[in-house]
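Inspection log for the structure reproduced underneath, given as structure tokens.
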DNA sequence: GTGGTCTAGACCACC
DNA sequence: GTGGTCTAGACCACA
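Chains as they are written, first to last, in the numbering used here: chain R, 3 to 116; chain X, 3 to 116; chain F, 3 to 116; chain U, 3 to 116.
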């Protein structure tokens, strides 16, 4: 796997995991790869995966069963989409509107609206 | 001044300066605040402002007269707008479209298009 | 069965077993469930139950008859109560008093004393 | 500094920090030691301190000023006490009552209530 | 086998 | 100087 500069690897992996949950590759209650497994798969240190999993656990997207592994939470998919939507509407969109206005671009043309 | 979490402060200040130039608050050949002045005004380390100014100088948006201060370049406004426009169309827009699609939002409603 | 976050599962099960002995559900010389049986009942790996039983055997609370199963020791109930009492007075109580003091709670009200 | 077995060092340090805030040694808006400083002071790896600070930041007890250091949050003291109180009443107390009942101890005598 | 913690040491961006 | 990320490698408790 290739990683972007300037964004922590563990967050990029986190995004990747979320994508897989959203697109249905990993479903609620599925077990996801162990930290070691996933680490070698992605060519990354297990500690880095650990960090990803901690991060996702804090957001209630995955859960740990002790001694067994990490599992996708119930409603993880809905949670992710809700979070992304909220972030988009509250943070990205205002910035976007400001920029479009400043650049004098007609937003309606950007998306083929009439 | 309040700063965003995940973007370097010196870049956020850079944006702010560009805004002021674009909206006509600061015009071509105007002297802009000294590093120290601006630093205390924003409650930020002067080194951070220094970095901002270096960054803007590299983009030919401001210029340094030694012992005097920094000045807005001629055509700075046009340069900024052109750069922003290019960046918006080539980088931000595709990402934006992808996200809107994924979230199932109707882009036309975002901007009050019919 | 639900388990607490920061306490090993095998110890939580151990507590549960002790409770059953103390409240008379399981009496001296009774046979307790097999490792496998109890494991599936609690939705837990048999190894975990094994560990619980070893732990209890070390404290002479249960005994193993090879090929037959585990049995509640004679005087198990008294032993448990004595142990708990000692632990409570020597370890838990001082810690408890410290905490109550720090939080500024009136201990008398906690237990409906006058 | 000496550390207890069976409880992660980074949490023990976290407790220590909270203690210092509660007893007024460190006040709101104070800068706390840098990860390196505190690490060497406690004879612990800086990463471990980092972990402590992340943990406390997640609980809004400390905050980071980028490039400067970590600072005690406003109301950190009140927050800590509220958290401890809540944990005591909701988790520790029920367990305590159960144990006292089971052991047949008179709770009123424990605290010199009448 | 699993996760969790810790160390030592490195490199980086940022202030 | 500050924090933040990452690696490699170790050790441990737990299931």
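Note that beta-carbon positions come from the ideal geometry of N, C-alpha and C, so glycine has one too.
Because the structure is a prediction, the values reported are computed rather than measured.
Quiz prompt | Cβ distance (whole Å) where residue 109 of chain X is taken to contact residue 90 of chain R below 8 Å | solution = That pair is no contact at about 11 Å.
Practice problem: Under 8 Å by Cβ, that's how I've got residue 41 of chain X and residue 34 of chain X pegged, so tell me the actual separation to the nearest angstrom. | Solution: That belief does not hold up - the Cβ atoms of residue 41 of chain X and residue 34 of chain X are roughly 13 Å apart, past 8 Å.
Quiz prompt | Alpha-carbon to alpha-carbon, residue 66 of chain X and residue 14 of chain U | solution = 52 Å
Quiz item: Could one say the Cβ of residue 68 of chain U lies closer than 8 Å to chain X's Cβ atoms, at least one of them?
Solution: yes
Quiz item: Using the rule of at least 16 other Cβ atoms within 10 Å of the residue's Cβ for burial, across every protein chain shown, is residue 58 of chain X buried or exposed?
Solution: It is buried - the Cβ of residue 58 of chain X has at least 16 other Cβ atoms within 10 Å.
Self-check item: Any chain X beta carbon closer than 8 Å to residue 98 of chain R
Solution: yes
Quiz item: For chain U, is any of its Cβ atoms less than 8 Å away from the one on residue 15 of chain X?
Solution: no
Quiz item: Would DSSP call residue 118 of chain U helix, strand or coil?
Solution: Because chain U is modelled from 3 through 116, residue 118 of chain U falls outside the range shown and cannot be assessed.
Quiz item: Could one say the Cβ of residue 86 of chain X lies closer than 8 Å to chain R's Cβ atoms, at least one of them?
Solution: yes
Quiz item: When you check each C-beta in the stretch 46 to 79 of chain U against every C-beta of chain F, which residues fall closer than 9 Å?
Solution: Listed by position along the chain: nothing, the set is empty.
Exercise. Give a yes or no on whether the C-beta atoms belonging to residue 76 of chain R and residue 19 of chain R are separated by under 8 Å.
Key: no
Self-check item: CB contact check: residue 82 of chain F to chain R, cutoff 8 Å
Solution: no
Self-check item: CB contact check: residue 112 of chain R to chain X, cutoff 8 Å
Solution: yes
Quiz item: Are the Cβ atoms of residue 3 of chain U and residue 44 of chain U separated by less than 8 Å?
Solution: yes
Practice problem: Following the continuous beta strand (DSSP E) through residue 74 of chain F, name the residue where it begins and the one where it ends. | Solution: 71 to 74
Practice problem: For chain X, find out if any of its Cβ atoms is closer than 8 Å to the Cβ of residue 103 of chain R; answer yes or no. | Solution: no
Exercise. Look at the alpha carbon of residue 96 of chain U and the alpha carbon of residue 107 of chain U, and state the distance between them as a whole number of angstroms.
Key: 15 Å
Quiz prompt | Secondary structure, alpha helix (DSSP H): runs of 4+ residues fully inside the stretch 20 to 61 of chain X | solution = As far as the stretch 20 to 61 of chain X is concerned, its whole alpha helix (DSSP H) runs of at least 4 residues are 37 to 44, 48 to 60.
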